[in-house]
Amino acid sequence: MAERKIVTVFGATGAQGGGLARSLLADRDGGWSVRAVTRDESSPAARSLARAGAELVRADLDDAASVERALEGAYGAYFVTFFWAHFSPERELAEARTMADAARRAGVRHAIWSTLEDTRRWIPLDDPRMPTLMGRYKVPHFDAKGEGDQYFRDAGVPTTFLLTSFYWDNLIHFGMGPKPGADGQLEFVLPMGGAQMPGIAAEDIGRCAHGILGRGDELVGRTVGIAGEHLSGAEMAAALGRALGRPVRHADVPPEVYRGFGFPGAEDLGNMFQFYRDCERDFRAARSVEFSRELNPALQSFGQWLAANAARIPVA
Ligand SMILES: NC(=O)c1ccc[n+]([C@@H]2O[C@H](COP(=O)([O-])OP(=O)(O)OC[C@H]3O[C@@H](n4cnc5c(N)ncnc54)[C@H](OP(=O)(O)O)[C@@H]3O)[C@@H](O)[C@H]2O)c1
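Each residue of the sequence shown is one higher than the one before, counting from 112 in the working numbering.
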């Protein structure tokens with residue numbers, strides 16, 4: 112039997128990397144071997160991956176030597192950074208550089224970099240439509256990822272640039288689910304007017320990445336955007352109402368109001384939703400549902416995701 116191709120998966124105990132690790136492990140005849148990166152091999156998520164057949168490797172993105180060790184002998188690698196763990200775009204940039212350098216030294220043949228648009232290409236810093244944040248960003252957690260693309264190019268690492276989409280799982284884990292309004296009716300806040308937002312089940316991101324790895328060199332050097340469905344706030348509210356069995360209305364607050372909500376990251380997310388809205392055509396065009404389904408035939412629509420997950424959305 113041909114030797115299995117090792118894929119080192121960062122974030123394997125989390126949403127994106129976890130989806131990829133589980134998908135590769137389930138593909139028993141695919142010739143893959145999963146090396147799951149964690150900072151804690153004893154966590155339930157790490158132990159569950161090990162039971163499913165993954166090799167666990169301890170590494171931290173902030174420790175370059177550990178990143179390099181995790182990549183030794185690997186054919187492929189999934190690279191993702193964790194903005195919401197620290198809120199620092201500068202740290203994401205440093206981590207992207209660490210990963211790109213380590214991938215070059217290890218001779219990785221196919222890297223997938225989980226990136227997003229550098230929104231400053233559409234909305235330059237002097238554009239008054241939205242405030243500049245942290246000195247040199249419009250949407251910090253997007254811009255730093257997009258800026259990080261260049262490290263992989265400069266290092267000459269064979270890379271697919273994966274443009275992910277809004278996880279529908281944010282309705283469960285990120286406090287973005289519907290909440291009762293002043294009259295008690297559930298409201299789904301999405302500050303995008305009638306614009307449609309590409310969304311995806313978090314688990315499907317890794318399955319699409321699996322599809323990208325499965326295509327060999329075909330998508331190396333390419334930017335690939337993925338989404339399960341593009342929906343407006345009103346369409347999402349209607350689907351939520353059907354799934355929850357009680358009416359949900361779309362609350363179209365203006366982005367400037369959303370920016371003032373005061374929770375950590377509210378300004379960043381307010382700018383992000385405004386970017387989705389104001390640059391809807393380009394943002395959606397970069398994320399083909401049809402191509403995502405070619406990569407991942409199990410790709411879920413919002414309705415399918417809700418059928419399996421609506422009961423987990425916390426609603427008061
Ligand atoms: N939420 C969305 O809608 C959305 C959409 C597009 C993109 N994103 C982006 O997705 C990224 C997060 O990915 P995710 O949702 O898959 O993350 P996640 O579910 O929060 O997973 C994070 C995992 O990464 C590991 N980790 C955290 N810090 C690490 C470090 N310093 N070194 C090595 N491993 C570390 C942790 O594993 P251990 O504890 O086991 O080490 C953790 O289980 C963010 O940058 C965000 O901007 C999010």
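All residues carry an ideal CB built from backbone N, CA and C; glycine is no exception. These figures come from a predicted structure and were not determined experimentally.
(request) List the DSSP bridge partners of proline 291. (result) Taking the sequence shown and counting its residues from 1, one reaches residue 291 at position 180. Bridge partners of proline 291: Leu297.
(request) With a threshold of 16 other CB atoms inside 10 Å of the CB of alanine 421, please say whether the residue is buried or exposed. (result) One-based indexing of the sequence shown puts residue 421 at position 310. Result: buried.
(request) With distances taken Cα to Cα, identify the nearest neighbour of alanine 126 among Gln415, Tyr387 and Ile311. (result) Numbered from its first residue, the sequence shown carries residue 126 at position 15. Closest by alpha carbon: Ile311.
(message) At the level of alpha carbons, what is the spacing between aspartate 238 and alanine 313?
(response) Position 127 of the sequence shown, counting from 1, holds the residue named residue 238. Position 202 of the sequence shown, counting from 1, holds the residue named residue 313. Cα-Cα distance, rounded: 32 Å.
(message) Going by DSSP, what residue range makes up the alpha helix (DSSP H) through threonine 366?
(response) The count along the sequence shown starts at 1 and reaches residue 366 at position 255. Contrary to the premise, residue 366 reads as proline rather than threonine in this sequence. Taken as a continuous stretch (DSSP letters only), the alpha helix (DSSP H) holding proline 366 covers 366 to 370.
(message) Whole angstroms are fine: how far does the CA of serine 412 sit from the CA of glycine 429?
(response) With the chain running from 112 to 427 in the structure shown, residue 429 is simply not present.
(message) Are the CB atoms of proline 235 and aspartate 379 within a distance shorter than 8 Å?
(response) Looking up residue 379 in the sequence shown gives position 268. Looking up residue 235 in the sequence shown gives position 124. No; because the gap between Cβ atoms is not below 8 Å, this pair is not in contact.
(message) Going by DSSP, what residue range makes up the alpha helix (DSSP H) through glycine 259?
(response) Your numbering for residue 259 matches position 148 in the sequence shown. Where glycine 259 is concerned, the enclosing alpha helix (DSSP H) stretches over 251 to 265.
(request) List in chain order: all unbroken beta strand (DSSP E) runs of 3+ residues lying wholly within the region 296 to 379. (result) You should have 297 to 300, 307 to 311, 334 to 336, 340 to 343 and 359 to 362.
(request) Just confirm the distance between the C-beta atoms of glycine 339 and histidine 361, as a whole number of angstroms; I'd bet it's less than 8 Å. (result) Sequence index remark: in the sequence shown, residue 339 carries index 228 (1-based). Sequence index remark: in the sequence shown, residue 361 carries index 250 (1-based). Glycine 339 to histidine 361, Cβ: 19 Å. No contact.
(request) Would you tell me roughly how many angstroms separate the C-alpha atoms of alanine 418 and glutamate 298, rounded to the nearest one? (result) Along the sequence shown, one-based indexing puts residue 418 at 307. Along the sequence shown, one-based indexing puts residue 298 at 187. One Cα belongs to alanine 418, the other to glutamate 298, and the distance between them is close to 19 Å.
(request) Rounded to whole angstroms, what's the CA-CA distance from proline 289 to valine 359? Just pull it up for me. (result) As a working note, residue 289 is residue 178 in the sequence shown. As a working note, residue 359 is residue 248 in the sequence shown. Spanning the two alpha carbons is a distance of roughly 7 Å.
(message) Less than 7 Å between C-beta atoms, sequence neighbours within five positions excluded: which residues of the same chain meet that for glutamate 152?
(response) For this step, residue 152 is matched to residue 41 along the sequence shown. Result list for glutamate 152: Leu167 and Arg169, in chain order.
(message) By DSSP's criteria, leucine 204 is part of a beta bridge. Which residues make up the other side?
(response) Taking the first residue of the sequence shown as position 1, residue 204 is located at position 93. Partner(s): none; leucine 204 has no beta bridge.
(message) Could you give the first and the last residue of the continuous alpha helix (DSSP H) run that contains phenylalanine 193?
(response) By one-based count along the sequence shown, residue 193 stands at place 82. Where phenylalanine 193 is concerned, there is no enclosing alpha helix (DSSP H), given that its DSSP letter is neither H nor E.
(message) Applying the 10 Å Cβ sphere with the 16-neighbour rule, what's the burial state of valine 368?
(response) What you label residue 368 is simply residue 257 of the sequence shown in a count that begins at 1. Answer is exposed; the Cβ neighbour count stays below 16.
(request) For the alpha helix (DSSP H) containing arginine 162, list its first residue and its last residue. (result) Along the sequence shown, read from residue 1 onward, the residue named residue 162 stands at position 51. Bounds of the alpha helix (DSSP H) holding arginine 162 are 155 to 162.
(request) State buried or exposed for phenylalanine 374, treating a residue as buried only when at least 16 other CB atoms are found within 10 Å of its CB. (result) Position 263 of the sequence shown, counting from 1, holds the residue named residue 374. Answer is exposed; the Cβ neighbour count stays below 16.
(request) Using 10 angstroms around the beta-carbon of serine 403, count the other beta-carbons present and answer buried if the total reaches 16, otherwise exposed. (result) Numbered from its first residue, the sequence shown carries residue 403 at position 292. Buried is the label assigned to serine 403, since at least 16 other Cβ atoms lie within 10 Å of its Cβ.
(message) To the nearest angstrom, how far is the alpha carbon of methionine 383 from that of serine 276?
(response) Taking the first residue of the sequence shown as position 1, residue 383 is located at position 272. Taking the first residue of the sequence shown as position 1, residue 276 is located at position 165. Near 12 Å, if we compare the C-alpha coordinates of serine 276 and methionine 383.
(message) If contacts are defined as beta-carbon pairs under 8 Å, then arginine 240 and aspartate 389 qualify, I think. What distance do you get, rounded to the angstrom?
(response) Translated into the one-based positions of the sequence shown, residue 240 becomes position 129. Translated into the one-based positions of the sequence shown, residue 389 becomes position 278. That belief holds up - the Cβ atoms of arginine 240 and aspartate 389 are roughly 7 Å apart, short of 8 Å.
(request) With DSSP collapsed to three states, give me the class of leucine 417. (result) For the purposes of this step, residue 417 is identified with residue 306 of the sequence shown, where counting begins at 1. Correct three-state label for leucine 417: helix.
(request) Please confirm if the region 200 to 216 is in contact with the region 129 to 144, defined as three or more CB-CB distances below 8 Å between the two stretches. (result) no
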